[in-house]
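Same order as they appear, the protein sequences are chains A and B.
Once you know that position 31 of the first sequence is 31 in the working numbering, the rest is easy, because the numbers rise by one and skip nothing.
Once you know that position 73 of the second sequence is 73 in the working numbering, the rest is easy, because the numbers rise by one and skip nothing.
All remarks here apply to the structure that follows.
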Amino acid sequence: MAKKRDRLQIIHDILKAIQDKNNRIRPTHILYKSNLSHQMMEEYLKELMDKGFIIENKEPQGKTYSLTQKGYDYLNKYKLIADFTDSFGLE
Amino acid sequence: MAVLFLTPGWFFTYSIGLEFLFGIITLLVAVYAFKIYKLSEEKQLRTFGIGFLLISLSYFILGIVNLLIAVGFDDDVSRFMGLKAVYLFNLFGSYFHALIYILGLVFLTYSTLKIDNNRVLALLTAICVVSVYFSPYKVFMFYLLSTVLLLFTVIYYFMNYLKSRRSNTFIVLVAMIFLLFGTMHLIFAVEHALYYVLGHVLEAIAYVLILISLLRIVKHGKEKR
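Given below as structure tokens:
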């Protein structure tokens with residue numbers, strides 16, 4: 001694996017953080033778990049929503065994020081994704 | 001008349017088998033790239049998959065053309081059609097293979113540039129297609145351009161190996177080097193038949209290495225699930 005945390009790894013970390021929090025997580029927890037700047041996290045969350053990996057839930061206490069089936073599939077097949085992209089230099 | 005290749009008679013049947021083998025291996029890579037694209041939605045994977053799909057298609061076209069020439073056009077058919085017609089069939093089949101193959105390499109090279117700009121892709125495609133189309137030495141130009149594109153790809157895979165020193169990245173790097181040398185040998189196949197054989201053998205090693213790499217990825221992916 002590459003030493004530097006690449007994009008796919010960051011996406012994995014965000015999705016894993018959501019999964020570990022019983023599929024309902026606040027942005028502040030994602031910020032803490034993903035170790036990103038606020039701006040970077042917002043960009044990643046937007047990308048993940050555009051790709052259909054996560055959905056935003058608006059609740060009285062504030063917004064939370066949950067995984068979609070596509071998000072779960074990404075987590076389950078992450079090893080395959082990472083191996084393929086790493087071997088063929090597609091990261 | 002344009003000269004295609006000097007192909008040794010004894011090798012012609014083997015070369016057809018190899019072309020179908022290359023087509024199947026590259027198709028497998030394309031299918032897996034699309035599968036991973038569907039999971040990750042990374043555009044680079046789609047471009048890479050299209051590249052390998054086009055390369056696969058080009059080998060199937062070449063294999064079918066050569067197969068028809070080897071077994072489909074017997075003496076009676078050749079006499080009926082005329083040798084010139086068979087020659088033209090072979091010529092246009094080979095040119096079609098070259099066009100699709102070079103497009104595949106353009107997509108593959110573009111995927112290594114890590115950019116998302118359709119104008120760059122269109123420019124690369126136009127330069128390659130126009131260069132081959134207007135060259136009086138089309139086969140030579142085709143293999144020369146393929147060599148240049150593969151050289152860029154090899155440099156990229158070398159950098160990738162330095163970044164991630166794993167056995168799979170090394171296998172893919174070696175495969176690309178074999179593919180580069182195989183293509184370079186095919187440049188000289190117009191003059192010497194032996195280079196045609198050598199080019200195919202080097203390509204065969206390259207594609208087998210790519211297959212090994214793919215099988216390792218699939219096996220590893222299943223183990224960790």
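Don't be surprised by glycine CBs; every beta carbon is placed ideally from N, CA and C.
Contacts around residue i, its chain only, beta-carbon distance under 6 Å, and the 5 residues preceding and following it disregarded
i        : result
Val106/B : Leu124, Thr125 and Cys128
Gln44/B  : Ser111
Ala2/B   : Summary for Ala2/B: the model assigns pLDDT 44, below 50, so the residue's position carries little reliability; its value from the coordinates is reported in the next sentence. For Ala2/B, where only same-chain residues beyond five positions count, there are no Cβ hits under 6 Å.
Leu121/B : Tyr110
Asn66/B  : Ile16
Arg46/B  : Tyr37
Ile64/B  : none
Arg225/B : Residue placement at Arg225/B cannot be trusted, given a pLDDT of 48 that sits under 50; what the coordinates show is reported in the next sentence. Result list for Arg225/B: empty, nothing under 6 Å.
Leu31/A  : Met41
Chain B within 8 Å of residue i, Cβ atoms only
i        : result
Ile86/A  : Per the sequence presented here, residue 86/A reads as Asp, with Ile not at that position. Chain B, which has a Cβ nearer than 8 Å to the Cβ of Asp86/A, makes this yes.
Tyr72/A  : no
Leu90/A  : yes
Leu36/A  : no
Ile55/A  : no
Leu120/A : No statement about residue 120/A is possible, as the shown extent of chain A runs from 1 to 91 and does not include it.
Leu75/A  : no
Distance between beta carbons of residue j and residue i, contact taken as under 8 Å
i        : j        : result
Ile54/A  : Thr68/A  : 6 Å
Ser15/B  : His200/B : 6 Å
Tyr101/B : Ile55/B  : 6 Å
Ala70/B  : Phe52/B  : Wrong, their Cβ atoms sit about 26 Å apart, outside the cutoff.
Leu150/B : Met176/B : 7 Å
Ile14/A  : Ser37/A  : At roughly 13 Å, the Cβ-Cβ gap does not stay under 8 Å, so Ile14/A and Ser37/A are not in contact.
Ile18/A  : Ser87/A  : That pair is no contact at about 28 Å.
His220/B : Lys79/A  : 7 Å
Ile217/B : Phe178/B : About 19 Å; that fails the 8 Å criterion.
Asp83/A  : Asn168/B : 7 Å
Val172/B : Tyr156/B : 11 Å between Cβ atoms; not a contact.
Gly52/A  : Lys77/A  : Rounded, the Cβ-Cβ distance is 15 Å, inconsistent with contact.
Phe48/B  : Leu108/B : 7 Å
Interface flag, residue i vs chain A, CB-CB below 8 Å
i        : result
Thr125/B : no
Arg46/B  : no
His220/B : yes
Tyr32/B  : yes
Arg225/B : Bear in mind that a pLDDT of 48 at Arg225/B, under 50, signals an unreliable position, so the model cannot answer this.
Asn66/B  : no
Tyr157/B : yes
Leu62/B  : no
Ala2/B   : Residue placement at Ala2/B cannot be trusted, given a pLDDT of 44 that sits under 50; what the coordinates show is reported in the next sentence. With 8 Å as the cut-off, Ala2/B does not count as an interface residue toward chain A.
Glu41/B  : yes
Ser213/B : yes
Ser58/B  : no
Ser164/B : yes
Ile36/B  : yes
Ile217/B : yes
Thr169/B : yes
Close-in-space but distant-in-sequence residues of the same chain around residue i (CB under 7 Å, 5 per side omitted)
i        : result
Leu145/B : Ile102, Cys128, Ser131 and Val132
Glu19/B  : Tyr59, Leu62, Gly63 and Asn66
Phe142/B : Ala98, Ile102 and Val132
Own chain partners of residue i with C-beta closer than 8 Å, once the 5 adjacent residues on each side are dropped
i        : result
Glu91/A  : Ala2, Asp6, Arg7, Leu8 and Thr85
Pro8/B   : Ala193, Leu194, Tyr196 and Val197
Leu147/B : The amino acid occupying residue 147/B in the given sequence is Thr; Leu does not appear at that position. These residues qualify, in order along the chain: Leu180, Thr183, Met184 and Ile187.
Meets three-Cβ-pair contact criterion under 8 Å: the segment 110-123 of chain B and the segment 87-94 of chain B: no
Segment contact, 8 Å Cβ cut-off, at least three pairs: the segment 18-32 of chain A with the segment 56-72 of chain A: yes
Interface positions of the segment 89-123 of chain B facing chain D (Cβ-Cβ less than 9 Å), listed along the chain: You won't find chain D in this structure, because its protein chains are A and B.
At least 3 beta-carbon pairs within less than 8 Å: the segment 49-67 of chain B vs the segment 21-29 of chain B: yes
The segment 211-218 of chain B in contact with the segment 179-196 of chain B per 3-pair CB rule at 8 Å: no
At least three beta-carbon pairs within less than 8 Å, the segment 153-162 of chain B to the segment 192-203 of chain B: no
Proximal residues, the segment 12-27 of chain B versus chain A, C-beta separation under 7 Å: none
Near-chain A residues of the segment 172-193 of chain B - C-beta to any C-beta below 7 Å: Val172
Interfacial residues, the segment 197-209 of chain B to chain A, with Cβ spacing under 9 Å: none
The segment 40-68 of chain A: positions lying closer than 7 Å to chain B by Cβ: Lys51
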